[in-house]
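Undergrad: Going down the list, the protein sequences come from chains A, B and C.
Throughout, our numbering is defined as the position within the first sequence, counted from one, plus 3.
Throughout, our numbering is defined as the position within the second sequence, counted from one, plus 2.
Throughout, our numbering is defined as the position within the third sequence, counted from one, plus 5.
Ideal Cβ placement from N, Cα and C applies to all residues, glycine included.
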Amino acid sequence: MQSVLSVRDLRVDFITRRGALHAIDGVSFDIAPGEILGLVGESGAGKSVTGSAVIGLIDPPGKISGGEILLNGDRIDTLPAEKMRKIRGKRIGMIFQDPLTSLNPLYRIGEQLVQTICAHLPLDAKQARVRAIKLLEDVGIPAPDQRIDSYPHEFSGGMRQRVVIALALCAEPDLVIADEPTTALDVSVQAQVIALLKQICADRGTAVILVTHDMGVIAEAADRVAVMYAGRIVEIGPVAEVIRAPRHPYAAGLMGAIPSLTSDRDRLEQIEGAMPRLSNLPEGCAFHPRCTQATDQCRQARPDLNANGAHAVACFLHEGDHI
Amino acid sequence: MPANPSSQGRMARIMDSDLVFGFLNSKLTVFAAVIVLLLLVSALLTPWIAPYDPYDPTQLFIMDSHIPPVWAEGGDWRFLLGTDDQGRDLFSAMLYGLRLSLTISLVGIFFATILGVGLGLIAGYVGGAIDALIMRIADIQLTFPAILVALLIDGAAHGALGGEYTEDTAFMVLVVSIALSFWVKYARVVRGSVLVERNKEYVQAARLVGRSPIAIMFDHILPNVMGPILVILTINFGLAVIAEATLSFLGVGLPPTKPSLGTLIRVGQQFLFSGEWWVVVFPGILLGVLVLTINLVGDWLRDALNPKLR
Amino acid sequence: MPAFILRRLFQAALVLLAVALISFALFRFVGDPVNQIVGVEASAADRAQIREELGLNDPVVLQFARFAMRAAQLDFGMSYQFRQPVSELLISRFPATLELAIVSMILAIGVGIPMGVYTALYRDSLLSKAFQALSLAGISLPTFLIGILMIYVFSVLLGLFPSYGRGDVVDLGWWTTGLLTRSGWAAIFMPAVTLAMFQMTLIMRIVRAEMLEVLRTDYIKFAKARGLPARIVNFGHALRNTMVPVITIIGLELGSVIAFAIITESVFQWPGMGLLFLNAVQNADIPIMAGYLILISVIFVVINLMVDLLYVQVDPRLKSSIQKD
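1. Looking at the unbroken beta strand (DSSP E) that takes in ALA243 of chain C, where does it start and where does it end?
2. Report the start-end ranges of each alpha helix (DSSP H) in the segment 30-69 of chain A that is 4 residues or longer and not cut off at the edges.
3. Given a limit of 9 Å on CB to CB distance, which residues of the segment 201-215 of chain C reach chain A?
4. For the beta strand (DSSP E) containing TYR224 of chain C, name the first residue and the last one.
5. For the beta strand (DSSP E) that SER9 of chain A lies in, which residues bound it at each end?
6. Mind listing the chain A neighbours of TYR224 of chain C? Cutoff is C-beta to C-beta under 7 Å, in chain order.
7. Taking the alpha-carbon of PHE9 of chain C as reference, which of C:ASP313, C:VAL319, C:PRO321 has the nearest alpha-carbon?
8. Just confirm the distance between the C-beta atoms of ALA181 of chain A and LEU200 of chain A, as a whole number of angstroms; I'd bet it's less than 8 Å.
9. When you compare only the Cα positions, how much space is there between ARG213 of chain B and VAL119 of chain B?
10. Between B:GLY194, B:LEU135, B:VAL177, B:ALA172, which has its C-alpha nearest GLY110 of chain B's C-alpha?
11. Could you tell me which chain E residues have their CB closer than 7 Å to the CB of ILE244 of chain B, listed as they occur along the chain?
12. Taking the alpha carbon of ARG1 of chain C as the reference point, which residue from C:LEU280, C:LEU31, C:ALA138, C:VAL307 has its own alpha carbon closest?
13. Can you tell me which of B:VAL282, B:THR236, B:VAL72 puts its alpha carbon nearest to the alpha carbon of ALA247 of chain B?
14. Find out if the Cβ-Cβ distance for the pair GLY276 of chain A, ALA304 of chain A is shorter than 8 Å.
15. Going by C-alpha to C-alpha distance, which of B:LEU102, B:ASP91, B:MET96 sits closest to GLY243 of chain B?
16. Is it right to say PRO196 of chain C is buried, meaning 16 or more other beta carbons lie within 10 angstroms of its own, or is it exposed?
17. Does the CB of GLN16 of chain C have a neighbour CB from chain B at under 8 Å?
18. DSSP has TYR232 of chain A in a bridge; who is on the other side?
19. Please list, in chain order, all residues of the same chain as GLY49 of chain A whose beta carbon is under 6 Å from its beta carbon, the five residues on each side excluded.
20. Mind checking whether VAL142 of chain A and ARG111 of chain A have CB atoms under 8 Å apart?
21. Taking CB distances under 8 Å as the criterion, tell me whether GLN272 of chain B reaches chain C.
22. Could you pull the DSSP bridge partners for GLU71 of chain A from this structure?
23. What are the start and end residues of the alpha helix (DSSP H) that includes THR104 of chain A?
24. Using a Cβ-Cβ cutoff of less than 6 Å, which residues in the same chain neighbour VAL52 of chain A once the five nearest sequence positions on both sides are dropped?
25. Do you know how far the Cα of VAL122 of chain C is from the Cα of GLY96 of chain A?
26. Can you list, in chain order, the residues of its chain whose CB lies under 7 Å from that of GLU183 of chain A, leaving out five sequence neighbours each side?
27. Below 8 Å on the Cβ atoms is my contact criterion, and I expect THR102 of chain C with LEU200 of chain C to pass it. Report the Cβ-Cβ distance as a whole number of Å.
28. Can you give me the C-alpha to C-alpha distance between LEU82 of chain A and LYS89 of chain A, rounded to a whole angstrom?
29. Quick check on the DSSP output: the alpha helix (DSSP H) that includes TRP190 of chain C runs from which residue to which?
30. What whole-angstrom Cβ distance do GLY143 of chain C and PHE203 of chain C have, given they're in contact under 8 Å?
31. When we look at the beta-carbon of ILE216 of chain B and count the other beta-carbons within 10 Å, is it buried (16 or more) or exposed?
32. With 16 as the cutoff for other CB atoms within 10 Å, does ILE132 of chain B come out buried or exposed?
33. Enumerate in chain order the residues of its own chain whose CB-to-CB distance from SER9 of chain B is below 8 Å, with the five nearest sequence positions on each side excluded.
34. Can you list the residues of chain B that VAL161 of chain C reaches, using a CB-CB cut of under 7 Å?
35. Contact defined as beta carbons within less than 8 Å: I believe ILE223 of chain B pairs with VAL196 of chain B. What is the distance between those atoms, to the nearest angstrom?
36. In whole angstroms, what is the alpha-carbon distance linking ARG304 of chain B and ALA225 of chain A?
See below:
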């Protein structure tokens, strides 16, 4: 089956007066239709930039400097602006972190929904409104036919994010990029929104890139997960495997840092040091200064993702592994 | 950027910082800053560089009046840019006028800053009725444009002083007008800052230790509000120069016996139609260049200090 | 009545009171009103009589109350110079100033807003840079200098427009308008452009700054991510959100335009209230000064109030929070 999204060796640079910073340095992955891929890592690892690159909304001074992005087999990273605009919303949707600032405070949500629907589908305003009400019902807004005329500030945070999800999905895209969709929400509401996202995408067969730093969200929702570090993917595989048996030392450290109700530990594991800044990347493997198992080879050369099956790792220690 | 504790390192860091980089990179700003400096220096050195003293009546001869600039027909090498209707050398009058304009504006803004910052600190720190009073006055004054306030103060002084209104009192009146017209923004901003800082822990700690309110205001609160004060200062300086020129042009500023650039333009306007354009054009160009360069440097400074753009 | 409207009204009343106080102070303490009326050579007995007639021997508070009540009825006494009621003088000059103010505001808004939008959307184009240079000149050059420059170019050198006066005016009841005659338009052109210059560039800069700020927000990003056409993103969303604060600023500027008209009227000898006020200042004609001040304050206060009400209508967030009061 053809992948919905295929990213090959993507590179994104930010041009500063001190030279180019490699925010993303050779990232590759595929997403199958209807699949949820988690993209996890610390702040600055490059996960948000990956999402922005896929939808073509990288702000200057950033730009895609290499690689390919294929949507259902067609290249989209080299499309002219107007063609890319047509793809946004219609074939790729995006959800941002803060639902309050994502919605224009001066417009009712009905107006914003109808506007988006009419931009992509051949419906008139009346039909679009009917569709918008149905959409609000799908995302769990009570009394949608009344609340459709409310303003964004008249909703609670969780309800607002549901509206945002509705807006992102109203033109029925094949892929949705969710950039930290729960980070700005109360903990009690997070689970609901994640459950909603999961269910609504399953219903429509929409694939999802779920960008987050919260492993709990990944465990709950994702099918596969990719761990990013300093602009590269260091491990990628099915969620259960990566969580239970991480191979890359960094991924292992991440999983070890998650508190668990069942295990018998006194302290959470900590990884020494911090992720290096893009202007100060070390030679060789970007993780080696913090890695307890680093070898000379790690200090000199950078490992690539070994292409062994569904669970791949970018680490010299596991080069020959068959998983 | 690697941390460097030595002073040499600090210098290197300053030179490497975005502020200086942005400044040196913008050729226009550097050019403008150079011009401002040039004008300031000219104003300072005027008594030595001006060919004539335009206020000395013994140097004026009525037959020297209405002479065009040196390159025009009828020009005279003694008077490079021509003369006005009194026989005064325009170039010297411009230099002295520039000096007057800059002095009045700088002194006026200086007092405005002191007054505004002082009142803002008091209003914010003391609070209560004094705060309410000061802010009410500020609100009322802000309903009106500064130029109107300056005009009013100037006019009232005119009326009150009557015949005693001379060139020297004109100077004082202008300074006072400017000071009283431009203090308000400082007060508002400083008060806002004080209200924010007052509740912070380091200020409460200082009070516990027993430091006097004045010391707290100067040592702790003031440094935090320097940025906005500087921004207001740059805007106000340009506005003050315009205000003084406008008041002089309208006839309620410096008189023709001791003219500022605005007065010269006022005098010159009468002769525009008889073909004597130089008395208006040259002071006009000088005034325009002065305010333009001040605003350019001020613009750059504001962008550089704007935390949102970092 | 909502609480915030009451607050605004209270503030407005305070402003008017303060201005009345200042005007009254001008009357009583600047110069000698008796001198103005009878001249310096009057006898002591005459002066004493005048003092009694003017009520100058009564307690100050009483005098102020009398002054305030008369001011409320727009009675500002007689001008020292013209021996005419001040209110008549002001009313006769009001149309000239208002027409000038309105024409220049329309010019400033009509040119300033599009320029601001353009320079925000196309930041790096050559035209943008030209507009920004123009805006710097407009903000830097004093209004009177721009006026004189225009006179020099268009009147002296080119002989296209008159450099003073209103041209032919048409009487419409108590209003006189110069907008119905060709010479009226020729006369208003340069003053209006001069007055508009500062406002135009100010509006342009504010629109640009606000729009750039808005274009950086998440909801614009989300609108783009939804694939909305550029026209809808830039005008439907960005411009609409930009306009909300800009409208209030424009409203407030209308007040200051009326004040700045003083300068323009002086340069072009435009027979409006501003020129009247200026003459009054130069000649210490206190009644006119006081009358002008109070009239202007009323105008400012009314404009500010209307702008506040408008702002609440336009921003739904404020409307809801007001309704909750």
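TA: Per the coordinate set shown:
1. Annotation for ALA243 of chain C: no beta strand (DSSP E) segment contains it, and DSSP assigns it neither H nor E.
2. Runs of the alpha helix (DSSP H) inside the segment 30-69 of chain A: 50-58.
3. Against chain A - using a Cβ distance shorter than 9 Å - the segment 201-215 of chain C contributes no residues.
4. First-last for TYR224 of chain C: 223-230, but that is the alpha helix (DSSP H), not the beta strand (DSSP E).
5. 8-19 is the span of the beta strand (DSSP E), which, as asked, contains SER9 of chain A.
6. For TYR224 of chain C, the chain A residues whose Cβ falls inside 7 Å of its Cβ are THR104, SER105, LEU106, ASN107, in order along the chain.
7. Of the candidates C:ASP313, C:VAL319, C:PRO321, the residue whose Cα lies closest to the Cα of PHE9 of chain C is C:ASP313.
8. ALA181 of chain A to LEU200 of chain A, Cβ: 7 Å. Contact.
9. Their Cα atoms are separated by approximately 20 Å.
10. Taking only the C-alpha atoms, the option nearest GLY110 of chain B is B:VAL177.
11. The displayed structure is made up of protein chains A, B and C, and chain E is not among them.
12. The structure shown does not extend to residue 1 of chain C, since chain C spans only 6 to 330, so no value can be given for it.
13. For ALA247 of chain B, the nearest C-alpha among the options comes from B:VAL282.
14. The answer is no: Cβ separation not under 8 Å.
15. Residue identity differs from the one stated: residue 243 of chain B is Val in this sequence, not Gly. Comparing Cα positions, the closest option is B:LEU102.
16. Buried, by the Cβ-count rule.
17. It does; some Cβ of chain B falls within 8 Å.
18. For TYR232 of chain A, which the question treats as bridged, DSSP gives the partners A:ARG235.
19. Its chain contains ALA26, ILE27, MET231, GLY234 as the residues whose beta carbon lies nearer than 6 Å to that of GLY49 of chain A, once the 5 sequence neighbours on both sides are disregarded; these appear in chain order.
20. With contacts defined as CB atoms closer than 8 Å, VAL142 of chain A and ARG111 of chain A fail to qualify as a contacting pair.
21. It does not; no Cβ of chain C falls within 8 Å.
22. Looking at the DSSP assignment, GLU71 of chain A forms a beta bridge with A:ARG11.
23. Element bounds for THR104 of chain A: 102-105.
24. Cβ neighbours of VAL52 of chain A beyond the five flanking positions: VAL15, ALA26, ILE27.
25. Our two residues, GLY96 of chain A and VAL122 of chain C, have alpha carbons roughly 28 Å apart in a direct line.
26. Excluding positions up to five away in sequence, the list reads GLN100, VAL214, THR215.
27. The beta-carbon distance between THR102 of chain C and LEU200 of chain C, rounded to whole angstroms, is 10 Å. This is too long to meet the 8 Å contact definition.
28. Going by C-alpha positions, LEU82 of chain A is about 11 Å away from LYS89 of chain A.
29. Following the DSSP letters along the chain, one finds TRP190 of chain C inside the alpha helix (DSSP H) bounded by residues 187-220.
30. Confirmed, Cβ separation roughly 6 Å.
31. So ILE216 of chain B ends up on the exposed side.
32. ILE132 of chain B should be labelled exposed.
33. With a pLDDT of only 47 at SER9 of chain B, under 50, the local geometry of the prediction cannot be trusted, and the value read off the model is given with reservation. Once the five neighbours on either side are set aside, SER9 of chain B has no close Cβ partner at all.
34. Under the 7 Å cutoff, chain B gives LEU274, PHE275.
35. About 6 Å separates the CB atoms of ILE223 of chain B and VAL196 of chain B; that is less than 8 Å, so the two are in contact.
36. Their Cα atoms are separated by approximately 47 Å.
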